[in-house]
Structures are given as structure tokens and as C-alpha cells.
Amino acid sequence: YAFFSGRPRWSRSIPIILTYAFSPENVITSLSKSEIKGAFRRAFSHWASVIPVTFSESNDYGFADIKIGFYKGDHGDGEPFDGVLGVLAHAFSPETGRFHLDAAETWAVDFDREKSDEAIDLESVATHEIGHLLGLAHTSVQEAVMFPSLRPREKKVDLKMDDIKGIQALYGSNPNFNDQALSESDTSINNGV
Amino acid sequence: YTWHEFGKFVDATRGNKINGISELKKYFHRFGYLKMDNLNFTDLFDDHLEHALIKYQEKLGLIVTGKLDENTVSQIISPRCGVSDFAPKFMHAKRH
């Protein structure tokens, strides 16, 4: 696992509560609001299960800690999106909270229903980008959520030990987290930071 | 990028001049592997590109060959996160 330089993290006292909200303007219509919200709820819960941080959805986009939106092309942050595939999304390090997804992708929550060869699993990308929002950079461990690439129709939502060790180094462990539940294959540890 | 665009670079090595390989330099520059002040990238497979390629193979757990083998090109064309692999500046944007 790796951190952003300077090891930024949300600096509030533990336990932390972070609010998130969806941009009312920058949306996609290929999935319903409830499908999108469900994918994000699950993505946040993966991280909340291992660290003492709670994520709460808010309707107040302006004041939310984490602001989520779908954008096309140049959207003003100097990192334009590039259309189908290529770059899928990006998010900012703590405590900026900006989370941008490429609206041009074929976002999916159910591969049985979305048959496109270019379909990208929304929950997988959301889980990865939340890692950035919390302070993790990219890892070299291919199985980990924080590995930088994700192939079409691939689902990668379960945190691996590399992800968990990294995020717990920033925030400590959720008191309810039980690492015995992880399988043997998930327990390789990368000590390089 | 697609295999159609980048597949032609397979087996390229330092010293080769290949039409379009400057796009690969842009890719490596964007994701933090190629640090150059002069961003007029040429189509020469030069020392800078080889160095970036080795860094990329090391970072992503690929076999380090310094060459554009098929595995490396496949990884490059995979969809990915836009965050640089080496702590980018824009991810520390100030609040406005």
C-alpha cells in the first residue's frame, strides 16, 4: 500500500463521520438513482467495516464532505476525461473530497443485465476512489482494490489485506473488524510504503 | 488507448523510432513515470522512455524487461483510475 505524499488524512477526531452527496446536475441516466446510490452505499460500507469512519448520505451537496458527480471531457480540474474506457474516474486526496466519474463509461451494477463488453462495475470503481478520498494512493498489489486498473466486466469490491493494512495505518481499526474472516490468500502484506 | 493503437509497439526497444510512440510518452508522463521539462515528445524510443517503462513494470508488478512486451502493453491499455501512480499535484487542490 502507499499514501499520498505528506500522508494526508481526514483530521477529525475518531470516530469520524463523513457526509457524501451526489451532484444534482452532473448525473447519468443509464442507471436509476437508487441503483447508483446502492452501489455507493455498498462501496462506502467496505471501508467503514475496517476503520472507525462512518459515511452518511446527505442531500446538501454544497456542504457535504464528499461530492460525487459524473462529468464528460474537460470539467475544469485540469484532468479531462477521455471518453469510453481509458480513464474511468479520479478522486482527490484528503480533505478535498471531490469524486469525479467519467460519464461516458458504460456504468453497470449488474453484469447479467448490462451485456456490453465495455461495461464497468460502478461499485468497484467507487470502492477504489473512496480509498483515494481517505488517503490511499495506488498499490503494486494486483489483487488489491487500490491497484490502478480495472478491466471491463471485472468486479473487485472486497478489500484485501494490503488495502486494510494501509487504511488502518491512517485511521486505526474498526473495533468490530475481525481479520480472521479474511482468507489466507488475502493476508499477504506489502511493507513498502 | 486500444490494442489497435498500442499493439504495434510490442517488442519495441530503445533506439527504435516508431510512429506514434510519443503517445506512450504522454501516457507515462500523465501517470507520473516520465518526468520531463520539455513536453514536445518525439517518436524515438529513448532512454527516458526506457526508464519510465522499467518504473512502470516495477510499480505494477510486471516482469521487468525494459521492453514493450505483450503483458506490459495489455496493462497499459487497460482502463484505469486517473490518479497518478506517484502522488500527483492536482490531488492536493486547495479549497476555493
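Order-wise, the sequence lines are chains G and A.
Just so we're aligned, residue 11 is where the first sequence starts under our numbering, counting upward by one.
Just so we're aligned, residue 1099 is where the second sequence starts under our numbering, counting upward by one.
By construction, the Cβ of each residue, glycine as well, lies at the ideal position given by its N, Cα and C atoms.
Could you pull out every residue in the same chain whose Cβ sits closer than 7 Å to the Cβ of residue 97/G, ignoring the five residues on either side in sequence? The residues 91, 112, in chain order, have a CB closer than 7 Å to that of residue 97/G in the same chain once the five nearest residues on each side in sequence are set aside.
Amino acids of chain A, ordered along the chain, whose beta-carbon sits closer than 7 Å to that of residue 158/G: Residue 158/G reaches chain A at 1178, 1179, 1183, counting residues in chain order whose Cβ is nearer than 7 Å.
Residue 64/G, DSSP secondary structure in three states: Strand at residue 64/G.
Keeping to the same chain, check which residues put their C-beta closer than 7 Å to that of residue 1139/A; ignore five residues upstream and five downstream. Excluding five sequence positions before and after residue 1139/A, the CB atoms of its chain that fall closer than 7 Å to its own CB belong to 1120, 1123, 1124, given in chain order.
Measure from the C-beta of residue 1157/A to each C-beta in chain G and report whether the shortest distance is under 7 Å. For residue 1157/A, the answer is yes, since a Cβ of chain G falls inside 7 Å of its Cβ.
DSSP on residue 77/G, reduced to helix/strand/coil? Here residue 77/G sits in strand by DSSP.
With a threshold of 7 Å between beta-carbons, can residue 190/G be considered close to chain A, or not? No, residue 190/G does not count as interfacial toward chain A.
From the DSSP output, in three-state form, read off residue 1170/A for me. In this structure, residue 1170/A counts as helix in the three-state DSSP scheme.
Determine, using beta carbons only, whether residue 89/G comes closer than 7 Å to chain A. Residue-level contact check: residue 89/G touches chain A, since one or more beta carbons of chain A fall below 7 Å from its beta carbon.
So is residue 161/G in contact with chain A if we call contact Cβ pairs under 7 Å? Put simply, the CB of residue 161/G is near chain A, with a gap under 7 Å to one of its CB atoms.
Residue(s) in a DSSP beta bridge with residue 110/G: DSSP lists 79/G, 100/G as partners of residue 110/G.
For chain A, find out if any of its Cβ atoms is closer than 7 Å to the Cβ of residue 23/G; answer yes or no. Residue-level contact by beta carbon fails for residue 23/G and chain A, as no gap is shorter than 7 Å.
How would you list, in chain order, the residues of chain G whose beta-carbon sits under 9 Å from the beta-carbon of residue 1131/A? Near residue 1131/A there are no residues of chain G at all, since even the closest Cβ is about 12 Å away, more than 9 Å.
Report yes or no: is there a C-beta of chain A within less than 7 Å of the C-beta of residue 44/G? False, the Cβ-Cβ gap to chain A never drops below 7 Å.
Which value, in whole angstroms, describes the spacing of the CA atoms of residue 177/G and residue 67/G? Here the alpha carbon of residue 177/G sits roughly 21 Å from the alpha carbon of residue 67/G.
If contact means a Cβ-Cβ distance below 7 Å, which residues of the segment 1134-1156 of chain A contact chain G? Within the segment 1134-1156 of chain A, no residue has a Cβ lying closer than 7 Å to any Cβ of chain G.
Whole angstroms are fine: how far does the CA of residue 14/G sit from the CA of residue 1128/A? Roughly 16 Å separates the two Cα atoms.
Sub-7 Å separation of residue 206/G and residue 99/G beta-carbons: Missing from the structure shown is residue 206/G; chain G here goes from 11 to 203 and no further.
Assign residue 27/G to one of two classes, buried (16 or more other C-beta atoms within 10 Å of its C-beta) or exposed (fewer than that). Of the other Cβ atoms in all chains shown, fewer than 16 fall within 10 Å of the Cβ of residue 27/G; this residue is therefore exposed.
Please confirm if residue 150/G has its CB atom under 7 Å from at least one CB of chain A. With 7 Å as the cut-off, residue 150/G counts as an interface residue toward chain A.
Can you give me the C-alpha to C-alpha distance between residue 1170/A and residue 120/G, rounded to a whole angstrom? Computed Cα separation, rounded: 30 Å.
Separation of residue 62/G from residue 22/G, as counted between CA atoms: Whole-angstrom Cα-Cα distance: 11 Å.
Just verifying my parser: in three-state terms, what is the DSSP assignment at residue 200/G? Caution applies to residue 200/G, whose pLDDT of 44 falls short of 50 and renders its modelled position unreliable; the model cannot decide the point.
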